[in-house]
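**Q** Can you read through this structure? Questions will come right after.
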Amino acid sequence: MGRSFALGAALSVPLIACTSLTLTRLNSAQKKPNNVWVFFTVERGEEPVAGLQAEDFQIYEDGDLVSTYESKQVIQNPEVAAVMYTMLLLDVSGSVSESGSADQLVDAAQMFTDRVGKTQKVGVYAFDGDKELHSVTPFTESEGAVSGGLDGLRTYKPKDPSTNLHGAVMEGLKELKKSLDKEKKPLKFGTLVVFTDGTDRAARFSREDMKGEMLKEQYGDYEIYAIGVGAEIKKAGLGDIGRDGTELATEQAGVKAAFEKVADRIEKHTKRFYLLSYCTPARKGTHTVRIVANNKDPKGSGDLEWDFNADGFGPPPDCDPNTPPVFPLKTGELVDTGKIQGDSGSSGKVKVKASASASAGAGN
């Protein structure tokens, strides 16, 4: 009897599922007196994990837990080390500007820039049949500037009403990279969002030309989304453009919803970035750091590891965990880490991979 009761009681206790988290290190660095920083993402499957606080992370060095009193660990604002740009590339060819749908497009684009512009710089460019892009609003953090530029598209009349879709994607990537290259911060994240209502009609560049440009290593870490509208759009092969996501609307009434879905996805992705800073107790030699993340609801955990060198570490002065990081690497570059005191993985060279735009509020 007693055994049966105990078994029944045990079976009545609900099981709490614990899902695994994926932590991906994008960059890390260390500096005297004994500061250590790591920039990483936290995801559950394909979904970002947002809102983790400093106390949700455990730091281990060489297998031993580092006391939070000693580490003084904090989550810093990623904006101190990273810059994020999103380019919105709009089709204003004759089929859009002459169809009476310009107001709907502008309203949807305004909603998109308002949302995405809260966490990063947004630039709006337009294309028609011309070989060049038309700058609507260069990359800015000013909401008023974006709004004013977009209003001009309500009455825009293209000089070339054709559609240079392939060429626009190629030029959009080049302009996005050119703008990001001007930034001084070491971590740079780019996103391209393309809106069109049809196929490429100008034939200035082939689909293969466009795909070849997109495959270049310099754009390998950019995220690219496509938004399409209209009955003809299924033939446009938007999947070749929107490698990170495609939204289709069969009629103009669905344009705003399509823009909202892409904005929502970008917003969520920005929240998966974390910049963890702490003060290491190590004073000499190479050490293995293991960061463990613990999410409470839903319950889940995951970790990441890397090595760093602590030669010459130790106060004075006292370590301040709020000191901005000194990441020495730019996204996509290969650097010999033996010549710098920065990102030091297990190999002599490290390639930094950045896969999305980061958020000023990520991790908070």
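The sequence shown begins at 1 in the UniProt record's numbering and counts up one residue at a time. Beta carbons: idealized from backbone N, C-alpha and C, even for Gly.
1) Of the residues Phe273, Gly245, Arg272 and Tyr274, which one's Cα is nearest the Cα of Lys261?
2) Determine which residues share a DSSP beta bridge with Gly190 and list them.
3) How is Thr140 classed by DSSP in three states: helix, strand or coil?
4) Among residues of its own chain, excluding the 5 on either side of Glu305, which ones have a beta-carbon nearer than 7 Å to its beta-carbon?
5) Pop quiz: Cys279 and Pro321 are said to be a contact at Cβ under 8 Å. What is the actual Cβ separation, rounded to whole angstroms?
6) Please list the segments of the beta strand (DSSP E) lying wholly inside the stretch 100–169, counting only runs of 3 or more residues, in order along the chain.
7) Give me the residue from Thr86, Glu98 and Lys184 with the minimum Cα distance to Gly172.
8) Please classify Leu26: is it buried, with 16 or more other beta-carbons within 10 angstroms of its beta-carbon, or exposed?
9) Taking its Cβ as the centre, do 16 or more other Cβ atoms sit within 10 Å of Phe53, making it buried, or is it exposed?
10) Determine the burial state of residue 406: buried for a count of at least 16 other Cβ atoms within 10 Å of its Cβ, exposed for fewer.
11) When DSSP labels each residue in this structure, what does Tyr274 get in the three-state scheme?
12) Under three-state DSSP, which class holds Thr19?
13) Would you say the stretch 90–100 touches the stretch 296–312, given that touching needs at least three Cβ pairs under 8 Å?
14) Would you identify the three-state DSSP class for Ile266, choosing helix, strand or coil?
15) Under 8 Å: do the stretch 116–131 and the stretch 145–162 share three or more Cβ pairs, one atom per stretch?
16) Please state whether the Cβ-Cβ distance between Ala82 and Phe40 is less than 9 Å.
17) Could you work out which residue in Lys177, Ser162 and Glu55 is closest to Leu192 when comparing CA atoms only?
18) On the three-state DSSP scale, how would you describe Gln53?
19) Cα separation between Phe259 and Pro48?
20) Do Met111 and Met170 come within 9 Å of each other at the CB atom, strictly closer than that value?
21) Flag this pair as touching only if the stretch 99–108 and the stretch 251–258 have three or more C-beta atom pairs under 8 Å; answer yes or no.
22) On the three-state DSSP scale, how would you describe Glu47?
23) Quick check on Leu26: does DSSP put it in helix, strand or coil?
24) Using a 10 Å radius around the Cβ and a threshold of 16 neighbouring Cβ atoms, would you call Thr19 buried or exposed?
25) Could you tell me the alpha carbon to alpha carbon distance between Asn34 and Cys319, rounded to whole angstroms?
26) Looking only at C-alpha atoms, which of Leu187, Glu175 and Gly198 sits nearest to Ser162?
27) Pull up the CB-CB distance for Ala29 and Phe273, whole angstroms please, since I reckon it's below 8 Å.
28) Ends of the alpha helix (DSSP H) at Ser71?
29) Can you check which of these residues, Gly45, Gly242 and Ala203, is closest to Leu89 by C-alpha distance?
30) Step through the CB atoms of chain B and report whether any lies within less than 9 Å of the CB of Pro317.
31) Going by the DSSP bridge assignment, what does Ile227 pair with across the sheet?
32) Which residues mark the beginning and the end of the alpha helix (DSSP H) in which Gly94 is found?
33) Can you give me the Cβ contacts of Ser101 inside the same chain, cut-off strictly under 7 Å, excluding the 5 residues immediately before and after it?
34) Measure the C-alpha to C-alpha separation of Lys216 and Glu175 and round it to an integer number of angstroms.
**A** So, from the data block:
1) Gly245
2) Tyr85
3) strand
4) Thr288, Val289 and Arg290
5) 6 Å
6) 121–127 and 134–140
7) Thr86
8) buried
9) The residue you asked about is not Phe; residue 53 is Gln in the sequence shown. By the neighbour-count rule (16 or more Cβ atoms within 10 Å), Gln53 is not buried but exposed.
10) Outside the modelled stretch of the chain, which goes from 1 to 364, sits residue 406, for which no answer is possible.
11) strand
12) strand
13) no
14) helix
15) yes
16) no
17) Lys177
18) coil
19) 20 Å
20) no
21) yes
22) strand
23) strand
24) exposed
25) 6 Å
26) Gly198
27) Contact flag wrong, Cβ pair sits at about 16 Å.
28) Thr68 to Ser71
29) Gly242
30) In the displayed structure, chain B is absent; only one protein chain is listed.
31) Phe195 and Glu247
32) Gly94 to Ser97
33) Gln252
34) 14 Å
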